[in-house]
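Residues 1 to 368, numbered by full-length UniProt numbering, are exactly what the sequence shown covers, in order.
I have placed the structure first, in the form of structure tokens, so that the comments after it can refer back to it.
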Amino acid sequence: MRGSPLRILIVGAGIAGLAVARALRMAGFRPDVTDKLPPGESHETGLYLPGNAARALHRLDLHDPVRPLGHVVHRQRFLDAAGEPLCEVDLDSLWAGVGECRALPRAELHRVLLTGAGGAVRHGAEVRSLDLLPAGIGVTFVDGTSAEYDLVIGADGPRSSVRTLAALGGPPRPAGQVVYRTVLRDAPPVTEWTALLGQRSGFLMVPIGAGRLHCYADEAGTEKPADPVARLREVFGSYGSPVPEVLDAVQWVHVGVTDEVELGRWHRGRVLLVGDAAHATAPTLSQGAAMALEDAVVLAESLTAAGSVEAALTAYESRRRPRTRWVSDRTRDRNRTRDVSPALRDPLLRGRGGRIFGEHYRLLLGPL
């Protein structure tokens, strides 16, 4: 169906939605993109892209505009809560032949994707209803306007309204993690990806370019604290250096509760879910953006190769399921180690941690 005049609507203008728009434009389609939120800058946070994300960006012909951004990450250092070494992962070796790992501001990746998607997003357009018609989808927006499409793609995150309106699933379930994110300028010198592991908690720091440091922390829980900065210092203030120095520099923090989405199917009729709307997991493996970018590449290929929308969606889901299931399963595997007493866990990680953590990405090294 390459270049066919399909009327396509993408709901959601985050990483997943814009990546899909970019991939479809490269294949000759001209999708509409809407987002219920007004345009504007979100909280300044960082993003770590593993090698498979870089490969997907190559396929989207966006590697060159991303390459000057952020900081290339060559290895991951894991420390115990006191700051003593546990293990390392050689990322250049792990992702050899796939792509380089990079940490950068989320907003900078978003700008690259927005430009690549053509730049046109209809903001403030919230979908009120979806009507599954014999040969399409009737879409009505909250403002009363309506349109008919051949394909509607829900890229509206773990709390997807498209998922609910299309009867593909209900609310996400809590993953049991409270996560804290912030970006520091003029922070204590941290020159590489460094994570300190406690019991049921962890603190990660990684440079994202231009003297900025992305900090991510998580703890077990299902509710946001009333004072996130105070809670961050309470939980992690006793961690080893440089965490106390980093905490002293924290002025604000974005806090959220992570969600998981696991569905029996991702499409119904001509409505499809992509990205976190279809397969959200806890951010433990840093695969949220990578999976969204891969989704975009495979969906465009599936629509191009298939003879009908229905056949394309079936082919897309069959290709993507094994990789997203792997990420979900390996995320749970790694998170289970958080519940183990450091007295038992840390000797294991000092002996085999690099191999164990590297194994979590094995399937993702292969082709899409």
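Here a beta-carbon is modelled for each residue, glycine too, at the ideal position from N, C-alpha and C.
Every value quoted in this text rests on a predicted model; they were computed, and no experiment measured them.
Contact belief for residue i with residue j at Cβ below 8 Å, rounded distance in angstroms
{"i": "Ala-289", "j": "Val-261", "result": "The Cβ separation is near 16 Å, so there is no contact."}
{"i": "Pro-158", "j": "Ala-280", "result": "4 Å"}
{"i": "Val-309", "j": "Asp-131", "result": "So it is not a contact: roughly 16 Å between Cβ atoms."}
{"i": "Arg-26", "j": "Asp-64", "result": "With the sequence shown as reference, residue 26 is identified as Met, and Arg is not the correct amino acid for it. In fact, because the Cβ distance is near 14 Å, the residues do not count as touching under 8 Å."}
{"i": "Leu-47", "j": "Arg-106", "result": "4 Å"}
{"i": "Ala-155", "j": "Val-274", "result": "5 Å"}
{"i": "Ala-21", "j": "Ala-125", "result": "That belief does not hold up - the Cβ atoms of Ala-21 and Ala-125 are roughly 15 Å apart, past 8 Å."}
{"i": "Arg-233", "j": "Leu-247", "result": "5 Å"}
{"i": "Ala-300", "j": "Leu-24", "result": "5 Å"}
{"i": "Pro-38", "j": "His-123", "result": "5 Å"}
{"i": "Ala-312", "j": "Ser-302", "result": "4 Å"}
{"i": "Thr-45", "j": "Leu-9", "result": "Contact doesn't hold; Cβ gap of about 28 Å is too wide."}
{"i": "Leu-184", "j": "Leu-213", "result": "5 Å"}
{"i": "Ala-53", "j": "Leu-293", "result": "5 Å"}
{"i": "Val-152", "j": "Val-11", "result": "7 Å"}
{"i": "Glu-148", "j": "Arg-7", "result": "7 Å"}
{"i": "Tyr-361", "j": "Leu-113", "result": "Wrong, their Cβ atoms sit about 23 Å apart, outside the cutoff."}
{"i": "Cys-101", "j": "Gly-51", "result": "6 Å"}
{"i": "Val-179", "j": "Leu-109", "result": "With 8 Å as the limit, Val-179 and Leu-109 do not qualify as a contact, their Cβ atoms being about 19 Å apart."}
Endpoints, the beta strand (DSSP E) within which residue i is located
{"i": "Phe-203", "result": "201-209"}
{"i": "residue 369", "result": "Nothing in the structure corresponds to residue 369, since the chain is present only between 1 and 368."}
{"i": "Gly-176", "result": "173-185"}
{"i": "Thr-194", "result": "193-197"}
{"i": "Val-273", "result": "Per the sequence presented here, residue 273 reads as Leu, with Val not at that position. Where Leu-273 is concerned, the enclosing beta strand (DSSP E) stretches over 271-273."}
{"i": "Val-72", "result": "71-73"}
Inter-residue Cα distance where the pair is residue i and residue j
{"i": "His-43", "j": "His-254", "result": "7 Å"}
{"i": "Leu-104", "j": "Gly-307", "result": "39 Å"}
{"i": "Val-229", "j": "Pro-188", "result": "18 Å"}
{"i": "Arg-330", "j": "Thr-145", "result": "43 Å"}
{"i": "Gly-176", "j": "Arg-334", "result": "14 Å"}
{"i": "Val-257", "j": "Val-139", "result": "30 Å"}
{"i": "Gly-366", "j": "Lys-224", "result": "38 Å"}
{"i": "Gly-99", "j": "Leu-49", "result": "10 Å"}
{"i": "Thr-162", "j": "Val-127", "result": "The sequence given here places Val at residue 162; Thr does not occur at that position. Cα to Cα, the separation comes out at about 8 Å."}
{"i": "Val-142", "j": "Gly-169", "result": "21 Å"}
{"i": "Ser-238", "j": "Gly-354", "result": "25 Å"}
{"i": "Pro-68", "j": "Ala-249", "result": "27 Å"}
{"i": "Tyr-216", "j": "Glu-245", "result": "15 Å"}
{"i": "Asp-32", "j": "Asp-346", "result": "50 Å"}
{"i": "Arg-323", "j": "Leu-349", "result": "25 Å"}
{"i": "Leu-196", "j": "Ala-282", "result": "18 Å"}
{"i": "Phe-236", "j": "Val-243", "result": "7 Å"}
{"i": "Glu-317", "j": "Gln-251", "result": "43 Å"}
{"i": "Gly-83", "j": "Pro-342", "result": "13 Å"}
{"i": "Arg-338", "j": "Gln-287", "result": "19 Å"}
{"i": "Ser-129", "j": "Ala-305", "result": "30 Å"}
{"i": "Ala-81", "j": "Arg-325", "result": "30 Å"}
{"i": "Asp-186", "j": "Gly-70", "result": "16 Å"}
{"i": "Asp-295", "j": "Leu-368", "result": "9 Å"}
{"i": "Gly-136", "j": "Arg-321", "result": "25 Å"}
{"i": "Gly-198", "j": "Lys-36", "result": "38 Å"}
{"i": "Arg-332", "j": "Gly-28", "result": "39 Å"}
{"i": "residue 443", "j": "Leu-133", "result": "Summary: the structure shown does not reach residue 443, with the chain confined to residues 1 through 368, and so no result is reported for it."}
{"i": "Leu-91", "j": "Leu-363", "result": "15 Å"}
Where the alpha helix (DSSP H) through residue i begins and ends
{"i": "Trp-326", "result": "309-336"}
{"i": "Arg-212", "result": "Where Arg-212 is concerned, there is no enclosing alpha helix (DSSP H), although the beta strand (DSSP E) it sits in stretches over 212-220."}
{"i": "His-279", "result": "276-279"}
{"i": "residue 369", "result": "Since the first residue of the chain shown is 1 and the last is 368, residue 369 is not available in this structure."}
{"i": "Asp-339", "result": "Looking at the DSSP string, Asp-339 is not in any alpha helix (DSSP H), and its letter there is neither H nor E."}
{"i": "Arg-231", "result": "228-236"}
{"i": "Glu-301", "result": "288-305"}
Residue-chain proximity (residue i, chain B), Cβ-Cβ < 9 Å
{"i": "Pro-68", "result": "Checking the listed chains, one finds no chain B in this structure; it contains a single protein chain."}
At which residue ranges does the region 77-111 contain complete beta strand (DSSP E) runs of 3 or more residues, listed in the order of the chain? 85-90, 101-105
So does the region 191-207 actually touch the region 261-271, counting three or more Cβ pairs closer than 8 Å? no
Evaluate the contact criterion for the region 179-193 versus the region 66-84: three or more CB pairs, one atom per stretch, below 8 Å. yes
Completely contained alpha helix (DSSP H) runs for the region 9-63, where each covers 4 or more residues: 15-26, 51-59
Could you tell me which uninterrupted alpha helix (DSSP H) segments, each at least 4 residues in length, are contained entirely in the region 129-166, listed from first to last along the chain? 161-165
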